[in-house]
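To convert, note that position 185 of the sequence shown is 185 in this note's numbering; the numbers rise steadily by one, no gaps.
Even glycine gets a Cβ: it sits at the ideal position worked out from N, Cα and C.
Down below is the structure, laid out as structure tokens.
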Amino acid sequence: MARLLLFDIDGTLLDTCGAGGSALLDAVEAVLGVARETIPPLDLAGATDGGVVRRLFGQVGREWQSDLARSYLDSYLISLKERLNQPNFEGYLLPGVAALLPHLTQLGGADIGLLTGNIRAGADLKLQRFQLQSHFLDGAFGDDSEDRNALGPVAVKRLESITGQRYQADEIIVIGDTPKDIACAQAIGARCLAVGTGQFTSADLSTYRPWHCLDSLADTAQVCELLLS
Ligand SMILES: [Mg+2]
């Protein structure tokens, strides 16, 4: 039976140390003309970019317009690229990720994709910054839906069309760092490996009853055993 692994990005694979959130606020100033200091703190954990943009528009009293949202996201991407490539960028890969992805690819036994709230172009920038993009066949992104729970079926369909496989729900594992990752796995009957490397500890995440919780992905052998057996 074919196995499918769907990885979240922020808090699971990498930490941009605020570059992503700062780029969202840069675009608020550049496109919406509102000072970042007047915006309530962004709640980005497990959020989709589309959902964040809609909430930001509401917070600054702007009506939702798709062309303005597009301009906003274009501005966000320019700023994100700049911030990811600044000399003082402090972002890093989370423990074990640098070893895990090549190891999974080398072992085979699973197809690997993304399930992320980042819009596709933003996901590409973040993964390229750490040379991770080659490990993922495709995925579902924040521009596919504002509702994270709607992203699982999109990811599965895209991966099935690439690999020619059919993935049964119990052969799909979502790897993520927030209760929303756990919920979006449950929404498609998939398992979730929750990792406490984002804003939530593994103890926090365990209360949402994921299939499995780990403090991190640091133990490559243990994680491969979980994901491939
Ligand atoms: Mg995350």
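Task: Identity of the residue in G91, D177, H135 nearest G117 by Cα - done: Against the sequence shown, residue 117 aligns to sequence position 117. Closest by alpha carbon: D177.
Open item on the list: Is T12 near ligand 3 - that is, is its Cβ less than 7 Å away from at least one heavy atom of it?
Closed with: This structure simply doesn't include ligand 3; it includes ligand 1 instead.
- [ ] Apply the 10 Å Cβ neighbour rule to L114 and answer buried if 16 or more other Cβ atoms are within range, or exposed otherwise.
- [x] Working through the sequence shown from its first residue, we reach residue 114 at position 114. It counts as buried.
Task: Rounded C-alpha distance that separates P40 from G20 - done: On the sequence shown, position 40 is the one that residue 40 refers to. On the sequence shown, position 20 is the one that residue 20 refers to. Whole-angstrom Cα-Cα distance: 16 Å.
Task: Beta carbon proximity, G61 to chain C, threshold 8 Å - done: Absent here is chain C; the protein component of the structure consists of one chain.
Task: F57 - DSSP class collapsed to helix/strand/coil - done: What you label residue 57 is simply residue 57 of the sequence shown in a count that begins at 1. Residue state, collapsed to three classes: helix.
Open item on the list: Looking at ligand 1, does it come within less than 7 Å of G198, judged from the CB to the closest heavy atom?
Closed with: Within the sequence shown, residue 198 is the residue found at index 198, counting from 1. Under cutoff, so the answer is yes.
TODO: For L24, I'd like the list of residues in its chain whose CB is within less than 7 Å of its CB, leaving aside the five on either flank, ordered along the chain.
DONE: Translated into the one-based positions of the sequence shown, residue 24 becomes position 24. Cβ neighbours of L24 beyond the five flanking positions: L42, V52, Y76.
TODO: Throw me the rounded Cβ distance for the L94 and L217 pair, which I believe falls under 8 Å.
DONE: In the sequence shown, residue 94 corresponds to position 94, counting from 1. In the sequence shown, residue 217 corresponds to position 217, counting from 1. So it is a contact: roughly 7 Å between Cβ atoms.
Open item on the list: Less than 7 Å separating the Cβ of G152 from some heavy atom of ligand 1?
Closed with: Along the sequence shown, read from residue 1 onward, the residue named residue 152 stands at position 152. Not so, every heavy atom of ligand 1 lies at least 7 Å from the Cβ.
TODO: Look at L4 and I172 and say whether their C-beta atoms are less than 8 Å apart.
DONE: Position 4 of the sequence shown, counted from the start, is the residue given in the question as residue 4. Position 172 of the sequence shown, counted from the start, is the residue given in the question as residue 172. Yes, Cβ-Cβ distance for L4 and I172 is below 8 Å.
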